[in-house]
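Visitor:
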Amino acid sequence: MIYRKLLLLTLLTFSSLNLFSLDFPQPEKDRLFTEFTSTYRSPLLKKPLITRGIIVMDGKERFLYRQTSPVLFEIRKSGPNVTYKKGESAPIAISGSFSANNYLMLFFNGDEAELEKLFNITIEEKNGGRYYRITPKRRMKITTIEIEAKGDKISTMTITFSDRSSNSFNFTNTVTGKKPDEKYF
Amino acid sequence: MKNIFNRANILVFAITSLSILTIVLLFSTGSINLENSIEKILPADEQLKRSVALAAGSSYANKLILFIENSDSEELDNSINEMEALVSGSALNLKPTIPGGETIEEIMSYIEENSLLLYPYEKGTNPFSSAALKKGLAGKFEYMQSIPFFFPSQSFFSDPLMMSSEIYRELAVGGFDQLKAYKGGLLSEDGKAFIMLYDVPFSREDYESTGELKELDLKAAELAENRGGTAFLYSVHLYFLESYDKIQGEVFIIFILSILFTLAIFFFFFKNINLVFFSFMPIIGGVATTFLLIALFFRSFNGIALGFGATTAGIAIDYTIHYITKINLYSSLKELRSKIGLSMLLGYLTTIISFILLPFSKIGTLQEIAFFGISAISCSFLLSWFVLQRVLTPERCTIKIKEINFRFPGKGLIGLFLIILLLTVGASLFVRLENSMSGLDMAHDELDGRIEQIKSHFNQSTDSIFLAFSGRNRDEIIEKSGRALRKLATIDPNLALRNPALFIPSKETINSRKALIKDRFNKDSFINALADSPFNEESFSGWAERVEQIDSLELTTLPDYLHSEIENSFVSWEGAEYLLIHVSERERLAAIGQTLEKEGIEFITVDILKDSESGLLLFEGRALILLLISIAAIFLVLLTVFRNLLHAFCSILPALCGLAAITAATTLLGLKFNIMHITASILILGIGVDYGIFVTGACRKGLDKREIGKTYQSILISALTTLAGFGILALSSNRALFSLGSSMLAGLIFAFLATYTLLPSLLGLKDKE
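Here the protein sequences come in this chain order: X and Y.
Using this note's numbering, the first residue of the first sequence is number 24, and each one after it goes up by one.
Using this note's numbering, the first residue of the second sequence is number 5, and each one after it goes up by one.
Next comes the structure, spelled out in structure tokens:
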């Protein structure tokens with residue numbers, strides 16, 4: 024079974040929700056295609072866990088996160104409906120309800136007052152782009168989120184957790200502003 | 005002769021009498037506690053009593069299903085959102101019963117945390133073998149890889165071998181598909197249909213609230229149709245409302261038609277509507293007196309008995325009409341009574357006999373019917389004899405009656421009737437007894453179609469059919485049910501049921517599982533398996549220690565949803581507790597019952613329709629036997645009074661023909677002989693015997709042609725007024741009312757025809773012409 028809250032977190036991490044006055048990188052015309060490689064390091068594991076896949080977005084209501092290795096699964100958002108599908112099994116619906124513990128939702132839904140209450144956010148100009156460092160003001164599962172971006176494209180994102188595990192995303196072959204192939208939807 | 009039909013006298017008498025009777029009636033009906041229980045209608049039956057009590061106490065008694073179908077998945081989702089808003093916006097306070105996202109996570113966490121004790125070791129698989137350890141850890145790693153931004157929760161560490169997967173499989177086999185909840189409901193396999201389940205917070209007899217539910221149903225259908233799909237609500241409440249609305253509307257129309265026909269008959273024959281007041285005074289007086297007695301001496305009274313009692317007016321009116329029709333044949337009351345008094349008295353006594361025997365059935369409702377019948381008819385007769393006949397004496401009044409010249413039928417007509425009678429008797433031999441309470445309700449084609457549509461997509465129903473277990477305490481009940489359902493799942497997965505015991509195994513089960521764990525788990529094997537896995541050795545060291553200290557391990561606290569589900573599965577009755585497990589279909593329950601019986605496992609089935617079947621057949625059987633005994637007793641009384649076999653036979657012949665017609669009509673209409681047919685049979689016996697006695701009495705008294713003609717006229721008017729009251733019920737869509745109406749129609753027609761065609765020849769009345 025899946026952790027629904029975390030899936031929702033994934034979705035919202037990458038979906039473009041506006042109203043954010045901190046100039047967060049937002050794909051042009053809310054259109055995005057990118058390939059990712061993520062490295063998950065954890066005290067649980069002897070070796071880092073590496074996963075690969077793609078993220079495709081066409082507007083705020085159409086989103087696809089597809090992991091192609093080592094295990095094939097995808098998270099798909101179509102309008103208000105979000106589904107998870109693993110391998111060839113039937114997709115299952117994920118509830119869209121907001122969990123009070125999911126602070127990152129707050130981070131991406133643009134509720135500035137709430138964000139400032141919960142997080143410290145610093146932005147630096149770095150290597151021709153921007154570096155974002157986000158830390159919670161009080162204790163939670165996520166300890167840090169670090170994002171490197173150039174223009175409307177995120178190049179890396181690292182999330183560090185309280186159990187000393189971390190997940191680093193590297194985004195390549197990113198295309199924004201161009202309508203993605205319909206085959207992904 | 006002084007005509008008392010001056011306005012002042014009528015007005016005073018009518019207003020005074022009716023006022024008193026109305027007050028009595030209103031007071032009485034307001035004071036009577038109407039009982040609608042099935043139990044009193046049927047012989048005392050512990051199994052049925054228990055079934056009724058357990059079904060009423062179960063959580064399924066008030067279940068509502070919202071069904072939505074749309075072949076377009078996007079439109080289906082939109083419909084679901086719309087319906088959710090519609091239902092939550094209604095004032096009916098409907099509570100969803102399928103858990104939402106957070107609740108499902110709590111359930112999953114509970115299963116993972118307690119996977120060691122919830123795992124079904126009894127199935128024979130060993131989760132601690134070397135191969136199983138490797139497989140389990142591999143599955144755990146794959147699970148991690150299937151989640152982006154993975155962050156292990158506390159329960160993650162409680163289940164390194166993914167034992168919870170097997171528990172989920174058990175739940176899915178048992179039909180616990182709530183874990184596949186979609187938007188707070190269930191999606192069908194093909195993704196084209198969706199249902200939400202709700203608890204309805206009001207009873208099925210709360211017609212006002214159910215009316216609002218019906219409006220919600222119509223609105224839902226409209227919204228779905230706008231999106232090219234269908235939607236509806238389904239619950240027992242809607243059945244009750246449909247029956248109630250239909251009966252209300254029909255009874256009102258039937259009542260109006262009945263009044264109009266009765267008035268028309270009175271006007272046609274007596275040319276005087278005022279006679280209606282006098283004719284109905286004894287009847288209303290009899291019924292009002294009986295209602296008063298019930299209100300004073302009975303705490304409650306069965307609705308069916310009360311309804312039947314009201315129909316006795318059809319018998320009581322005979323005495324009044326017979327008197328009024330002949331009032332102007334004689335110069336004094338004394339003379340009139342000397343001619344027809346004995347017939348009226350005998351008619352009354354023989355009618356009472358059919359009611360006197362009913363209490364011997366030991367069935368509550370039949371005893372109440374007996375009380376009502378005897379009381380109402382007796383009071384009506386006494387009021388007719390001592391009040392009406394004293395007010396409307398032959399000396400005081402002149403009633404103009406339309407004269408009908410009755411010509412006795414020729415051989416041709418008699419022969420024709422005999423042939424029809426023979427065929428009728430033949431048809432009546434094929435009658436079958438009603439074995440289902442649903443045979444008395446109207447057809448609910450649309451609602452029945454809805455449940456079929458739901459069942460075609462989901463394994464859900466609202467029928468109160470359960471498999472139940474009892475025991476000395478809850479732990480024993482859970483142990484019994486767990487064993488039974490594990491057996492079912494092993495023998496035939498199609499018979500597996502959702503079992504609350506999966507979440508709270510009994511002490512015996514937990515202890516035996518702990519013993520199995522101690523026997524099979526080897527820490528070194530586990531550490532070796534960890535070493536070969538992607539996990540560090542320390543990853544699940546806490547879990548391994550818990551396994552080694554398994555004796556002290558306890559189940560964690562149940563999530564609120566599961567606690568509530570389990571509590572709702574237990575119902576108390578007469579000091580004992582029962583665990584009820586819902587079964588979606590009657591056939592499935594039968595198959596489950598056969599399987600458990602073969603295995604020698606103790607269980608109980610709860611199915612009111614099936615459990616009432618034997619009681620219903622017994623009730624009908626006893627009622628029919630009593631009817632036959634009544635016929636024999638009436639015949640003996642007639643024989644004793646008349647001392648003439650032919651006269652006794654002629655007196656009872658119309659009733660016998662009427663009864664044959666009732667059973668034949670039942671068969672030809674494709675119905676089964678039910679309570680209403682029995683009611684009609686009792687009435688026709690009383691009415692038919694009255695017809696026979698009036699004509700036989702006229703013959704024995706040597707009445708002349710005109711007097712005999714008046715006798716037949718009184719019988720005709722009686723039959724028509726009774727038909728006006730009952731025959732109209734044959735127009736009803738409610739099977740109970742239709743059964744009563746059609747039976748009375750057939751019975752009355754044949755009773756009258758037998759009186760008209762057969763008795764003159766048998767009694768030699770034609771010779772008097």
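Using N, Cα and C, we set each Cβ at its ideal position, and we do this for glycine too.
Which residue or residues does DSSP assign as beta-bridge partners of Trp547 of chain Y?
Guide: In the second sequence, the residue the question calls residue 547 of chain Y occupies position 543. In the DSSP output, where bridge partners are listed per residue, Trp547 of chain Y has none listed.
Visitor: Does the contact criterion of 3 or more C-beta pairs under 8 Å hold for the segment 590 to 607 of chain Y versus the segment 476 to 489 of chain Y?
Guide: yes
Visitor: Distance check for Asn498 of chain Y and Ser537 of chain Y, CA to CA, integer angstroms please.
Guide: Numbered from its first residue, the second sequence carries residue 537 of chain Y at position 533. Numbered from its first residue, the second sequence carries residue 498 of chain Y at position 494. Taking the straight line from one Cα to the other gives about 37 Å.
Visitor: Nearest to Glu399 of chain Y by alpha carbon, out of Y:Leu426, Y:Arg647, Y:Ile381, Y:Tyr334?
Guide: Taking the second sequence and counting its residues from 1, one reaches residue 399 of chain Y at position 395. The shortest C-alpha separation from Glu399 of chain Y is found at Y:Tyr334.
Visitor: Quick one: using the 10 Å Cβ neighbour count with 16 as the cut-off for buried, is Asp204 of chain X buried or exposed?
Guide: Counting from 1 along the first sequence, the entry for residue 204 of chain X is found at position 181. So Asp204 of chain X counts as exposed.
Visitor: Please list the partners that Pro66 of chain X has in chain Y, where partner means a Cβ-to-Cβ separation under 9 Å.
Guide: Counted from its first residue, the first sequence places residue 66 of chain X at position 43. Ordered by position in chain Y, the residues that pass the 9 Å Cβ test against Pro66 of chain X are Asn540, Glu542, Ser543.
Visitor: Kindly indicate if chain Y contains any beta-carbon less than 9 Å away from that of Val94 of chain X.
Guide: Position 71 of the first sequence, counted from the start, is the residue given in the question as residue 94 of chain X. Closer than 9 Å: yes.
Visitor: Below 7 Å on C-beta distance, what does Gln149 of chain Y contact in chain A?
Guide: This model lacks chain A altogether, as its protein chains are X and Y.
Visitor: Does the distance from the C-beta atom of Glu552 of chain Y to that of Ser510 of chain Y stay below 9 Å?
Guide: As a first step, residue 552 of chain Y is located in the second sequence; it is residue number 548 there, counting from the start. As a first step, residue 510 of chain Y is located in the second sequence; it is residue number 506 there, counting from the start. Going by C-beta atoms, Glu552 of chain Y is not nearer than 9 Å to Ser510 of chain Y.
Visitor: Which runs of the alpha helix (DSSP H) spanning at least 4 residues fall entirely within the segment 340 to 423 of chain Y, listed in chain order?
Guide: 368 to 387
Visitor: Do the segment 66 to 79 of chain Y and the segment 225 to 243 of chain Y touch if we need at least three Cβ pairs shorter than 8 Å?
Guide: Cβ pair count under 8 Å is three or more, so yes.
Visitor: Quick one, are the C-beta atoms of Ile405 of chain Y and Phe274 of chain Y less than 9 Å apart?
Guide: Position 401 of the second sequence, counting from 1, holds the residue named residue 405 of chain Y. Position 270 of the second sequence, counting from 1, holds the residue named residue 274 of chain Y. Closer than 9 Å, so yes.
Visitor: Would you list the residues sitting across from Asp611 of chain Y in a DSSP beta bridge?
Guide: For the purposes of this step, residue 611 of chain Y is taken as the residue at position 607 of the second sequence. In DSSP, Asp611 of chain Y forms a bridge with Y:Ile469.
Visitor: Taking the beta carbon of Glu558 of chain Y as the centre, do at least 16 other beta carbons fall within 10 Å, making it buried, or is it exposed?
Guide: Position 554 of the second sequence holds residue 558 of chain Y. Classification of Glu558 of chain Y: exposed, given that the 10 Å Cβ count is below 16.
Visitor: When the cut-off is 9 Å and only beta carbons count, does Leu191 of chain Y lie next to chain X?
Guide: Residue numbering aside, residue 191 of chain Y sits at position 187 when the second sequence is read from its first letter. Closer than 9 Å to some Cβ of chain X, the Cβ of Leu191 of chain Y qualifies, so yes.
Visitor: Kindly list, in the order they appear in chain X, the residues whose Cβ is closer than 9 Å to that of Asp564 of chain Y.
Guide: Position 560 of the second sequence holds residue 564 of chain Y. Those do not exist, as Asp564 of chain Y stays about 17 Å from chain X at its closest Cβ, beyond 9 Å.
Visitor: Distance check for Ala116 of chain X and Leu190 of chain Y, CA to CA, integer angstroms please.
Guide: Sequence index remark: in the second sequence, residue 190 of chain Y carries index 186 (1-based). Sequence index remark: in the first sequence, residue 116 of chain X carries index 93 (1-based). Roughly 10 Å between the two C-alpha positions.
Visitor: Per the DSSP calculation, Leu237 of chain Y is bridged to which residue(s)?
Guide: As a working note, residue 237 of chain Y is residue 233 in the second sequence. Answer is Y:Leu70, bridged to Leu237 of chain Y.
Visitor: Given that a residue counts as buried once 16 or more other Cβ atoms are within 10 Å of its Cβ, and exposed if not, what is Ala742 of chain Y?
Guide: Taking the second sequence and counting its residues from 1, one reaches residue 742 of chain Y at position 738. A small fix is needed here, since residue 742 of chain Y is Phe in this sequence, not Ala. It is buried - the Cβ of Phe742 of chain Y has at least 16 other Cβ atoms within 10 Å.
Visitor: Leaving out the 5 sequence neighbours to the left and right, which residues in its chain are closer than 6 Å to Phe756 of chain Y when beta-carbon positions are compared?
Guide: Start at 1 with the first residue of the second sequence, and residue 756 of chain Y comes out as number 752. Excluding sequence neighbours, Phe756 of chain Y sits near Ala723.
Visitor: What does the alpha-carbon distance come out to for the pair Arg162 of chain X and Phe142 of chain X?
Guide: As a position in the first sequence, residue 162 of chain X is number 139, starting the count at 1. As a position in the first sequence, residue 142 of chain X is number 119, starting the count at 1. So the two alpha carbons sit approximately 11 Å from each other.
Visitor: May I have the straight-line CA-CA distance separating Gly133 of chain X from Glu139 of chain X, to the nearest angstrom?
Guide: Taking the first sequence and counting its residues from 1, the one referred to as residue 133 of chain X is at position 110. Taking the first sequence and counting its residues from 1, the one referred to as residue 139 of chain X is at position 116. Because the pLDDT at Gly133 of chain X is just 42, under 50, the model does not fix this residue reliably, and the value given afterwards should be weighed accordingly. Roughly 10 Å separates the two Cα atoms.
Visitor: To be precise: take each residue of the segment 176 to 187 of chain X, compare its Cβ to all Cβ atoms of chain Y, and keep it if any distance is under 9 Å. Which residues remain?
Guide: Ile182, Phe184, Ser185, Asp186
Visitor: Listing by chain order, which chain Y residues have their CB less than 9 Å from the CB of Gln49 of chain X?
Guide: Locating residue 49 of chain X in the first sequence gives position 26, counting from the first residue. Here the premise fails: no neighbours, minimum Cβ distance about 20 Å.
Visitor: Is the CB-CB distance between Phe530 of chain Y and Leu137 of chain Y below 9 Å?
Guide: Residue mapping note: residue 530 of chain Y aligns to position 526 of the second sequence, counting from 1. Residue mapping note: residue 137 of chain Y aligns to position 133 of the second sequence, counting from 1. Yes, the Cβ-Cβ distance between Phe530 of chain Y and Leu137 of chain Y is below 9 Å.
Visitor: Helix, strand or coil: which one does DSSP assign to Leu673 of chain Y?
Guide: The residue labelled residue 673 of chain Y in the question sits at position 669 within the second sequence. In this structure, Leu673 of chain Y counts as coil in the three-state DSSP scheme.
Visitor: With respect to the alpha helix (DSSP H) encompassing Asp694 of chain Y, which residues constitute its N-terminal and C-terminal limits?
Guide: Sequence index remark: in the second sequence, residue 694 of chain Y carries index 690 (1-based). From DSSP, the alpha helix (DSSP H) with Asp694 of chain Y extends over 679 to 704.
Visitor: Any C-beta of chain Y within less than 8 Å: which residues of the segment 78 to 93 of chain X qualify?
Guide: Tyr88, Gln90, Pro93
Visitor: With a threshold of 16 other CB atoms inside 10 Å of the CB of Ala519 of chain Y, please say whether the residue is buried or exposed.
Guide: In the second sequence, counting from the first residue as 1, residue 519 of chain Y sits at position 515. Exposed, by the Cβ-count rule.
Visitor: Using 10 angstroms around the beta-carbon of Ala317 of chain Y, count the other beta-carbons present and answer buried if the total reaches 16, otherwise exposed.
Guide: The sequence position of residue 317 of chain Y within the second sequence is 313, counting from 1. It counts as buried.
Visitor: Does Arg710 of chain Y come out as helix, strand or coil in the three-state DSSP assignment?
Guide: What you label residue 710 of chain Y is simply residue 706 of the second sequence in a count that begins at 1. Arg710 of chain Y: helix per DSSP, three-state reduction.
Visitor: Can you tell me which residues form a DSSP beta bridge with Val575 of chain Y?
Guide: Mapped onto the second sequence, residue 575 of chain Y falls at position 571. Beta-bridge pairing links Val575 of chain Y to Y:Tyr582.
Visitor: Starting from the Cα of Ile367 of chain Y, find the closest Cα among Y:Lys53, Y:Asn648, Y:Glu86, Y:Phe623 and give me that residue.
Guide: Counting from one through the second sequence, the residue named residue 367 of chain Y turns up at place 363. Closest by alpha carbon: Y:Phe623.
Visitor: Can you list, in chain order, the residues of the segment 125 to 154 of chain Y whose Cβ is nearer than 9 Å to any Cβ on chain X?
Guide: Phe145, Glu146, Tyr147, Met148, Gln149, Ser150, Ile151, Pro152, Phe153, Phe154
Visitor: Under 9 Å, Cβ to Cβ, is there at least one residue of chain Y near Lys164 of chain X?
Guide: Along the first sequence, read from residue 1 onward, the residue named residue 164 of chain X stands at position 141. By this cut-off, Lys164 of chain X is an interface position.
Visitor: So, using beta-carbon positions, are His397 of chain Y and Leu349 of chain Y closer together than 9 Å?
Guide: For this step, residue 397 of chain Y is matched to residue 393 along the second sequence. For this step, residue 349 of chain Y is matched to residue 345 along the second sequence. For the sequence presented, residue 397 of chain Y should be read as Thr rather than His. No. Outside cutoff.
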